[in-house]
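Novice: Chains as they are written, first to last, in UniProt numbering: chain D, 1 to 238; chain U, 1 to 238.
Each residue gets a CB set at the ideal place from its N, CA and C atoms; glycine is no exception.
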DNA sequence: CCTACCACCTGCAAC
DNA sequence: CGTTGCAGGTGGTAG
């Protein structure tokens, strides 16, 4: 079972509520830690912000626009082609080039972003959330959630298992102010198969007209125990 | 003589402030003389070339393709994102980024062009002509003429008042050869109304389903003394 | 070839 | 209502 995590909110600093209804559902790693000294599943995290992805964020532009308010608040040291590293729920590090586009006066994640989009099979309407370690400045995490209605997906098993993104309607009042919370990341059963990192080379390929994506970083991994891969039909549309 | 308020330049100037290509801009917004020392309508000009605009030239591509032979003859110093300034018939300066697109092997005016298209309400089939001061190298002028048949336009008076294009058929011979000629720029009568510059901000607005465009830079200004605006119905098509 | 990436550009809606 | 954030583009370049 999963539990919530209050990804909460959004913009405002009104941190009056946090949902502490989370039980400590400790996420079992089956997996190795790539990034820091601690297993990523037990790190106390502070939610920074999240964003519902636009078509452009997941499209051919290969970039994520980071809302300026959040960018300037949480990544103040940017501006000159910084590289930021985010650990996903499996502890896999993802490095994104983070920069400022002066012409449009906006902050973006560019290099590396499209790989994450593909590996996590993100689509418009999905949500990514960014958090950071409460104890270690500069240690960042990224998580994502697929939106409920996705067309033309063939998923093995995860449709039933896919939880609702914990930040639905009522949660919006909560959080952004820096509440510390433990984040559970939809535990992946041990021994589910091979866990591959983002740097393991091409982890997606075509097979009989299907795109086969080896994923070690998202909730579907739990469901793809037989092959540690997820198969999604691609018909040329986005 | 008429007064050119040229309210403008605030928007464009601020947009370009952060660009490194910004050179010192001697041009004073509230001034009468934008480019040089003489009123633009009495400058001796040498016609360079003209072009009948294609749908792409006035569409969302926001660029004007400059025919290569004219580009290489008259703007030989281009290629590296030059900025060229053209004064229109009202003396208003228009700055276009001029560059070479290697992918299509063509010369184009990009940045700034779409603003001119909108302000002059150019459509496919209309003609723009480029000329330069006979005495001062590097001082350029732009003029335009609407074609006869324009659909779905409601113009107040300018259909009858539209003068013949000074460089019609027969002039084309002289043009290519570099003949010098004096071009009258249909001086705007004093007190005709407000003359606005290209950068005066939003000079078009919607009123009762019509797009109303205040124009101070084209022939309609002379004819629209009653309102110094032109109304054109927009039905969602382009 | 193609794809990603980089640094620009613009219209428009929302504030 | 003028400013601006940003969604959605572009050409150029590297590989």
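Please return the same chain residues whose Cβ sits closer than 7 Å to the Cβ of residue 113 of chain D, not counting the five positions on each side in sequence.
Specialist: 62, 63, 64 and 96
Novice: Counting Cβ pairs, one atom from each stretch, are 3 or more of them under 8 Å apart for the stretch 41-56 of chain D and the stretch 131-149 of chain D?
Specialist: yes
Novice: Taking only runs that begin and end inside the stretch 84-108 of chain U, name each unbroken beta strand (DSSP E) of 3 or more residues, in chain order.
Specialist: If we require 3 residues or more, the beta strand (DSSP E) runs fully inside the stretch 84-108 of chain U come out as 93-101.
Novice: Pick helix, strand or coil for residue 210 of chain D, following the three-state DSSP scheme.
Specialist: The pLDDT assigned to residue 210 of chain D is 44, lower than 50, so where the model puts this residue is not dependable, and the model offers no usable value.
Novice: Exposed or buried, which one is residue 94 of chain U when buried takes at least 16 other CB atoms within 10 Å?
Specialist: buried
Novice: Could you give the C-beta distance for residue 48 of chain U and residue 74 of chain U, rounded to a whole number, given that I count them as a contact under 8 Å?
Specialist: 5 Å
Novice: Do you know offhand how far residue 143 of chain D's Cα is from residue 103 of chain D's?
Specialist: 29 Å
Novice: Mind checking residue 121 of chain U: buried by the 16 CB within 10 Å criterion, or exposed?
Specialist: buried
Novice: By DSSP, does residue 45 of chain D sit in helix, in strand, or in coil?
Specialist: strand
Novice: Would you list the residues sitting across from residue 247 of chain D in a DSSP beta bridge?
Specialist: For residue 247 of chain D there is no data in the structure shown, the boundaries of chain D being 1 and 238.
Novice: Does the distance from the CB of residue 123 of chain U to the CB of residue 58 of chain U come in under 9 Å?
Specialist: The answer is yes: Cβ separation under 9 Å.
Novice: Which same chain residues, not among the five before or five after residue 138 of chain D, have their C-beta less than 7 Å away from its C-beta?
Specialist: none
Novice: Could you have a look at residue 128 of chain U and say whether DSSP puts it in helix, strand or coil?
Specialist: strand
Novice: What are the residues that DSSP puts in a beta bridge with residue 144 of chain D?
Specialist: According to DSSP, residue 144 of chain D bridges with D:128.
Novice: Mind checking residue 129 of chain U: buried by the 16 CB within 10 Å criterion, or exposed?
Specialist: buried
Novice: Does DSSP classify residue 239 of chain D as helix, strand or coil?
Specialist: Only positions 1 to 238 of chain D appear in the structure, and residue 239 of chain D is not among them; the question remains open.
Novice: Using CA coordinates, which residue listed in D:91, D:54, D:60 and D:99 is at the minimum distance from residue 72 of chain D?
Specialist: Considering only alpha carbons, the answer is D:99.
Novice: Exposed or buried, which one is residue 117 of chain U when buried takes at least 16 other CB atoms within 10 Å?
Specialist: buried
Novice: Among the candidates U:107, U:91 and U:88, whose CA atom is the shortest distance from the CA of residue 81 of chain U?
Specialist: Here the closest residue by C-alpha is U:107.
Novice: Report the three-state DSSP secondary structure of residue 222 of chain D (helix, strand or coil).
Specialist: In this predicted model, residue 222 of chain D has a pLDDT of only 30, less than 50, meaning its place in the structure is not dependable; the value taken from the coordinates is given anyway. Three-state DSSP puts residue 222 of chain D in a helix.
Novice: Looking at C-alpha atoms only, which residue of D:84, D:50 and D:56 is the closest neighbour of residue 69 of chain D?
Specialist: D:50
Novice: DSSP has residue 82 of chain U in a bridge; who is on the other side?
Specialist: U:98
Novice: Output the distance between the C-alpha atoms of residue 140 of chain D and residue 83 of chain D, rounded to the nearest integer angstrom.
Specialist: 12 Å
Novice: Can you list, in chain order, the residues of its chain whose CB lies under 8 Å from that of residue 55 of chain U, leaving out five sequence neighbours each side?
Specialist: 124
Novice: Would you mind reading off the limits of the alpha helix (DSSP H) that contains residue 55 of chain D?
Specialist: 55-58
Novice: Taking only the alpha-carbon atoms, compute the straight-line gap between residue 126 of chain D and residue 101 of chain D and give it to the nearest angstrom.
Specialist: 24 Å
Novice: Please report the straight-line C-alpha distance between residue 77 of chain D and residue 85 of chain U, rounded to a whole angstrom.
Specialist: 38 Å
Novice: Mind checking which residues open and close the alpha helix (DSSP H) that includes residue 119 of chain U?
Specialist: 113-119
Novice: Tell me the DSSP bridge mates of residue 64 of chain D?
Specialist: D:109
Novice: Using the Cα positions of residue 111 of chain U and residue 119 of chain U, report the straight-line distance between them to the nearest angstrom.
Specialist: 14 Å
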